[in-house]
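Visitor: I'd like to ask you about the structure that follows.
Numbering (my numbering), first residue to last: 214 to 261.
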């Protein structure tokens, strides 16, 4: 994980300003994150 995602201070600022919690990634592979996001969207849309 690089850039802002790896920076604890930046993550805290984003959490505070956006008013949402961030969950640390289980993997630093982009494909894994994309798959998790797709799964969450499918669940929220009632497709699963």
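Cβ atoms here follow ideal geometry from the backbone N, Cα and C, with glycine treated the same way.
Tell me, to the nearest whole angstrom, how far the beta carbon of residue 239 is from that of residue 248; I am working on the premise that it is less than 8 angstroms.
Guide: Their Cβ separation, rounded to whole angstroms, is 11 angstroms, which puts residue 239 and residue 248 out of contact at 8 angstroms.
Visitor: Measuring CB to CB, does residue 229 end up less than 8 angstroms from residue 235?
Guide: Not a contact, by the Cβ cut-off of 8 angstroms.
Visitor: Helix, strand or coil: which one does DSSP assign to residue 260?
Guide: In the structure shown, residue 260 sits in coil (DSSP, three-state: anything other than H, G, I, E or B).
Visitor: When you compare only the Cα positions, how much space is there between residue 218 and residue 225?
Guide: Residue 218 and residue 225: Cα-Cα distance of roughly 10 angstroms.
Visitor: So for residue 223, helix, strand or coil by DSSP?
Guide: Helix.
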